[in-house]
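Data first, discussion second: the structure below is written as structure tokens.
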Amino acid sequence: MPEKNELMEKVVSLCKRRGFIFPSSEIYGGIGGFWDYGPLGAELKRNVREAWWQDMVQGHDDTTPPPGMPSPYAMVGIETSIVMHPQVWKASGHYDLFQDLLIDCRRCKARFRADQLAASQCPEKPSKRPGEHTTCDLTPPREFNLMFKTYVGALVDPESEAYLRPETAQGMFVNFRNVLATARVKLPFGIAQIGKSFRNEIAPRYFTYRSREFEQMEIEFFCHPEESRLWYEYWRDRRFRWYVSLGLSEERLRLREHSPEELSHYSCGTADVEYAFPFLPEGEFGELEGIAHRGDFDLRSHMEGKLVRRGDELVVETGPDGKPRHPGSGKDLSYFDEETKGRLIPHVIEPSAGVDRSLLAFICEAYAEDAVPDESGVPQPRVVLKLHPRLAPVKAAVFPLIRRDGMPETALEIYRELKRVWNVAYDDRGSIGRRYRRQDESGTPFCITVDGQTQEDGTVTVRDRDTTVQERVPIVELMAYLRERLAM
RNA sequence: GCGGGUAUAGCUCAAUGGUAGAGCCCUGGCCUUCCAAGCCAGAAACGCGGGUUCGAUUCCCGCUACCCGCUCCA
């Protein structure tokens, strides 16, 4: 296998060459932090999303919990708008955190909030404030706005300002009552969503890893406060195993609990699922998903208004007039518990995963270089994407060994039959060896070849991507053969 | 956002102050009975904008993108 740095270059090159990922707007020079998915990338990405939706939502059995699940629960999916009422982001706390005026020191590289400059220290001379030490070289206050701003309606004025969502999560919180009222769910239950989010990252970096437009797969799981710790641990462990089940090796994966200092002001427990991406220094990991215990922070925020921590409590932040600085909806988002006949504000466990980051990890993990013996038995190098069959963009390719003697006709019949169920490819160009290699680079798990024997006994060869081993399979059994091995 | 580097074909690279070559890939044809075969033909590039110059892909400046450090990451 190639060395780490080299590996990433090869992965990026393969992504471009085979049509997985392109720079956005490339013919105009590209635009930083945005990427396009090509024909194979779009299929791969759909498969990542669908694997998640299948495993977390559609395939969830709310009547019989498997071992390890604290209790049965319901799971429903929603899809909410990217542009939401601006008050959502004020109550959630995003607005204030994103609107900072910041001052940088060109010398010591420190960064200060403009409104807190008087309370800050110069890192090189802690007895003085930034700018007071002789070597300080401060920039003017500059506005950092990490949320994309837009205008609703054609009229451009401050009244019509809105934002592209920086996370999908708020869509679930603001629809908590709607789901409760319509989906016949009771605690505990989860709301799931997959969708695009946008953050004006200061430094997009590492290929698609830190993009300004990205896609999230998020669950907001609502439960009784006294059960929330149990559910937090359940989701943390389950989400880790999900990545393993789709092929990420446990050696490159890590489940990391945040230290108390690292926790957000509202969180009483957060763990990240992290992957040792090849572009990171040895020993460092990058986040794929965060599983956060958010307590009742979100529902309370949307009831009462933006919350801040005071001691051990979260209280509504007030303005100079004593009223909430950023009021909530004022709607009652509490839950009526039929058993205790009392109302409570559910706690929330939030497994929040990145589609693009997972996809990148799956590709990095799958990239392999090995050797396959040629017709003389001499090992020849090959590049192969050993993607999990559920993720592979193309599930199988069908070839006629040669372009005559009825082989193309038979191969096309098989191709059309399989095409009704899976994304399959047909290829009759070039030597058979080259066609196998092409599919290897695309990550296609199986290649089906019609040869001279097919006419005699109705069998074809099926070649396994990872082992290159072939076996003869009757055409009539192909569908069942693939169904079993594609695990779908 | 700061500092450094890079930018030539889809990919990997080369050459050049007088408008660019190769390998792989790709397309068409011939040939081909299982792991990158061969032959013929073909398509395809100097990131963008200025400046210097008779002439710039080449030298200079700016921009953009990517890479490497730092910073940031609700």
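Counting from 80, one number per residue, gives the positions in the first sequence under the working numbering.
Built from N, CA and C at the ideal position, the CB exists for glycine as well.
**Request:** Tell me whether Tyr152 sits in a helix, a strand or coil according to DSSP, three-state version.
**Result:** Judged by DSSP in its simplified three-state form, Tyr152 adopts coil rather than helix or strand.
**Prompt:** The beta strand (DSSP E) spanning Trp321 covers which residue range?
**Reply:** Not the beta strand (DSSP E): Trp321 falls in the alpha helix (DSSP H), residues Ser307 to Ser324.
**Request:** Would you check if the distance between the CB atom of Leu327 and the CB atom of Ala447 is smaller than 8 angstroms?
**Result:** A distance of 8 angstroms or more separates the beta carbons of Leu327 and Ala447.
**Message:** List, from N- to C-terminal side, the alpha helix (DSSP H) runs of 4 residues or more that fit wholly inside the stretch 109–180.
**Reply:** Correct list: 118–132, 165–171 and 173–177.
**Request:** For the beta strand (DSSP E) holding Thr349, just list the boundary residues, first then last.
**Result:** For Thr349, the enclosing beta strand (DSSP E) begins and ends at Thr349 to Tyr354.
**Asked** Where does Thr533 sit, in a helix, a strand or coil, going by DSSP?
**Response** Note: Thr533 maps to helix in three-state DSSP.
**Message:** To the nearest angstrom, how far is the alpha carbon of Leu176 from that of Thr143?
**Reply:** C-alpha separation (whole angstroms): 42 angstroms.
**Request:** Compare the beta carbon distance of Phe356 and Cys443 with 8 angstroms and say whether it is the shorter of the two.
**Result:** For the pair Phe356 and Cys443, the CB atoms are nearer than the 8 angstroms cut-off.
**Request:** Sort out for me which residues DSSP pairs Lys465 with in a bridge.
**Result:** Lys465 pairs with nothing; no bridge assigned.
**Prompt:** Taking only runs of the alpha helix (DSSP H) that begin and end inside the stretch 376–407, which ones reach a length of at least 4 residues, in chain order?
**Reply:** Those alpha helix (DSSP H) runs which fall completely within the stretch 376–407 and span 4+ residues are 376–383.
**Item:** Touch test, the stretch 161–170 against the stretch 243–255, Cβ-Cβ under 8 angstroms, three pairs minimum
**Value:** At 8 angstroms Cβ cutoff, the stretches touch.
**Asked** Cβ of Val434 within 8 angstroms of Cβ of Arg97?
**Response** When the beta-carbon positions are compared, Val434 and Arg97 stay at least 8 angstroms from each other.
**Every unbroken beta strand (DSSP E) inside the stretch 457–509 [3 residues or more]** = Considered as a whole, the stretch 457–509 harbours 458–464, 475–479 and 503–505 as its complete beta strand (DSSP E) runs of no fewer than 3 residues, in chain order.
**Item:** Option nearest Phe99 by Cα separation, candidates Gln272, Gly274, Leu123 and Glu363
**Value:** The option with the nearest alpha carbon to Phe99 is Leu123.
**Message:** Let's test the definition: count the other Cβ atoms within 10 Å of the Cβ of Pro524 and tell me whether it reaches 16, buried, or not, exposed.
**Reply:** That one is buried.
**Request:** Please classify Asn459: is it buried, with 16 or more other beta-carbons within 10 angstroms of its beta-carbon, or exposed?
**Result:** Asn is not the amino acid found at residue 459; the sequence shown has Gln there. Exposed: under 16 other Cβ atoms inside 10 Å.
**Prompt:** For Ile442, which three-state DSSP category applies?
**Reply:** In the structure shown, Ile442 sits in a helix (DSSP, three-state: H, G or I).
**Asked** Residue ranges of each beta strand (DSSP E) run of no fewer than 3 residues wholly in the stretch 268–292, ordered along the chain?
**Response** List check, beta strand (DSSP E) in window: 268–277.
**Message:** Do Ile370 and Arg318 have their beta-carbon atoms positioned less than 8 angstroms apart in this structure?
**Reply:** Yes, Cβ-Cβ distance for Arg318 and Ile370 is below 8 angstroms.
**Asked** Which of helix, strand or coil does DSSP assign to Arg418?
**Response** For the record, residue 418 in the displayed sequence is Glu; it is not Arg. Glu418: coil per DSSP, three-state reduction.
**Item:** Closest by C-alpha distance to Gly269, when choosing among Trp314, Arg517 and Val500
**Value:** It is Trp314.
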